[in-house]
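Residue numbers (our numbering), protein chains in the order written: chain A, 856 to 1174; chain B, 522 to 814.
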């Protein structure tokens, strides 16, 4: 009996602890949401001091302290009105984000399904060497891979500053065919499509699919292509959904790539813009943040169960 | 006759599986691997105009650069501390949540919420927390302590570690939870019947089954430990205080100052270190991973 009581007490302690931890994890989300309903003046009163060293010193602020405030004095939708109705800039940037992130995610995933299938069937020496290279590539921070990316994109005439004399012959063709806007967008989209992160995760899942499934399908006369589309892809649906979410979130928040590869700030995604208004016009930052959160929240609502069960097969590096 | 046909089938299947890898490989070769060869070449010439071969001179120069040494030390320290910490803490959380506590699925959602918030908005919150007159210092002062200028102190790395753990622990925990759920129940039951303590069960049974997942989470955390630079950059800009000056800062700045030789040498060195680390991990997996399956 005492053992059961002890167990019960332990459960309560753990629940309390988990609650505290969960609140800490949730805090920035709630804060962003709550502050998006504040008036601009309330926000600058609370956070104005943060920008002190960025503006001139003579400017006085209402409060010297930076206050973390959860409840607005007065609930207002002014920020949202500004972001969504008054200024088309934000919606334009939002569209820039969509037009970069959606193709990247879509094509990276399609390529990942095909490639992972190739990696998981009939392993050989060649494939394992390539896979090792992919793992290394996957770990590299963007600051390392940007150098090779930049070299090629420059030669292809995809970066505005490219010196036409030094580019490859194909660059002229590309410049003829594609507008400057398309070129700068492709400069970000193309290398990102070939990023090996999704291939690594999906290959690991596909390698765990029992051979007997394939054998059975073959007895029924299925072709290799059918095995890929009718067996492998449906079996990995959960993993595909959850990897898609991870890839989307990563590129939805990209900052470095556009800063380096896109000279025209007019084309920058909202994530870059958001990072810059954080230090400037702070009054709108939270509402923009919330608007920017909407697609990821929708994805979570759809795919959270997959995210939790998706990479159940996970294990090891080689899979 | 039939056997012969079968072998023919095998052959086309093998070719098909090779073809599947090709589109990706071609893209990776064009955008990453071949230009990386050029980077290696750049790291061994004196400048892009004269193309004179200088061997390892760029590397020795790199090692004499104070900024590089500081950046490399900071990044190494950060990864060495934060990656194991992320693995251990998320495993611990996963084990805790394995118990029958109410509202388990809500907890999971909460722990995953850091993935949803835009990076730039989160950075804003971190700025408020760690500002000289920010929330954390107000709390410290309330309890009579001395406030710390977090961004400009030797505690700077703590900020990065906190940001990293906050962002990535949730997903790591989810991976561990699904791995824990995958351990065969009967083995645990037998251990319980034979009177094994909870700790014994954890060390000798669960940990063995979890070892592939631990490696996987380790790799994932390593990747994410480099990706957290995005937050650091937005928080601190190009030239932060000493302790927060990361390798990526160094690379960004050498890129902007067009010092391609130094940048190339740093990129090659970084890749070499990663190759060694991954090779070690693969060896570990080969030794420990097999007996579980």
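Ideal Cβ placement from N, Cα and C applies to all residues, glycine included.
Looking from the CA of residue 1008 (chain A), the closest CA among A:1072, A:1102, A:1044 and A:869 belongs to A:1044. Boundaries of the alpha helix (DSSP H) around residue 747 (chain B): 728 to 748. When secondary structure is reduced to three states using DSSP, residue 1048 (chain A) falls in the helix class. Under a 10 Å Cβ-count criterion, residue 879 (chain A) is classified as exposed, with fewer than 16 other Cβ atoms of the shown protein chains found around its own Cβ.
Here residue 656 (chain B) is not near residue 668 (chain B), since their CB atoms are 8 Å or more apart. A straight line joining the alpha-carbon of residue 894 (chain A) with that of residue 929 (chain A) spans about 7 Å.
Distance from the CA atom of residue 601 (chain B) to the CA atom of residue 762 (chain B), rounded to whole angstroms, is 20 Å. Think of a sphere of 7 Å around the beta carbon of residue 628 (chain B): the chain A residues whose beta carbon falls inside it are 873 and 877, in chain order. Chain order gives the chain A residues near residue 631 (chain B) as 877, 880 and 881, where near means a beta carbon separation below 7 Å.
For residue 773 (chain B), the nearest beta carbon of chain A is closer than 8 Å to its own beta carbon. In this structure, DSSP gives residue 574 (chain B) an extended state, which the three-state scheme calls strand. The beta carbons of residue 748 (chain B) and residue 996 (chain A) sit closer together than 8 Å. For residue 1123 (chain A), there is no enclosing alpha helix (DSSP H), as DSSP marks it with neither H nor E.
The CB of residue 1130 (chain A) comes closer than 8 Å to the CB of 640, 641, 644 and 755 in chain B, given here in chain order. With fewer than 16 other Cβ atoms inside 10 Å of its own Cβ, residue 1024 (chain A) counts as exposed. Any Cβ of chain B closer than 8 Å to the Cβ of residue 998 (chain A) would place that residue at the interface, and such an atom is present. Neighbours of residue 1106 (chain A) in chain B, taken as residues at a C-beta separation under 9 Å, are lacking, since the least C-beta distance is about 12 Å.
Straight-line measurement puts the Cα of residue 954 (chain A) at about 15 Å from the Cα of residue 1112 (chain A). When C-beta distances to chain B are compared with 8 Å, the residues of the stretch 985 to 996 of chain A below that value are 985, 987, 988, 989, 990, 991, 992, 993, 994, 995 and 996, in chain order. Partner residues in the beta bridge of residue 566 (chain B), as assigned by DSSP, are B:574. Contact note: residue 748 (chain B) reaches chain A through 996, 997 and 1105, using a C-beta cutoff of 9 Å and chain order.
Contact between the stretch 725 to 745 of chain B and the stretch 796 to 808 of chain B is established, with three or more Cβ pairs separated by less than 8 Å.
DSSP places residue 698 (chain B) inside the alpha helix (DSSP H), whose first and last residues are 677 to 702.
Proximity of residue 589 (chain B) to chain A, defined by a Cβ-Cβ separation below 8 Å, is not satisfied. The contact set of residue 637 (chain B) on chain A, defined by CB atoms closer than 9 Å, consists of 884, 1104, 1148, 1151, 1152, 1154 and 1155 in chain order. When Cβ-Cβ separations below 8 Å define contact, residue 902 (chain A) makes contact with chain B. For the stretch 685 to 717 of chain B, the residues whose beta carbon sits under 9 Å from a beta carbon of chain A are, in order, 687, 690, 691, 692, 695, 696, 698, 699, 700, 702 and 703. Counting C-beta pairs closer than 8 Å gives fewer than three between the stretch 1058 to 1078 of chain A and the stretch 1112 to 1126 of chain A, which falls short of the contact rule. Put simply, the CB of residue 889 (chain A) is far from chain B, with every gap to its CB atoms at 8 Å or more. Residue 959 (chain A) sits close to residue 1047 (chain A), with the two beta carbons spaced by under 8 Å. By the criterion of at least three beta-carbon pairs nearer than 8 Å, the stretch 1049 to 1057 of chain A is not in contact with the stretch 1027 to 1036 of chain A. Residue 990 (chain A) and residue 542 (chain B) have their C-alpha atoms roughly 15 Å apart. Its Cα nearest to that of residue 563 (chain B), the residue B:781 stands out among B:781, B:633 and B:767. The Cβ-Cβ distance between residue 1143 (chain A) and residue 938 (chain A) falls below 8 Å.
Taking a 10 Å sphere around the C-beta of residue 971 (chain A), we find 16 or more other C-beta atoms and assign the residue as buried. Annotation: residue 753 (chain B) to residue 567 (chain B) spans about 32 Å, alpha carbon to alpha carbon.
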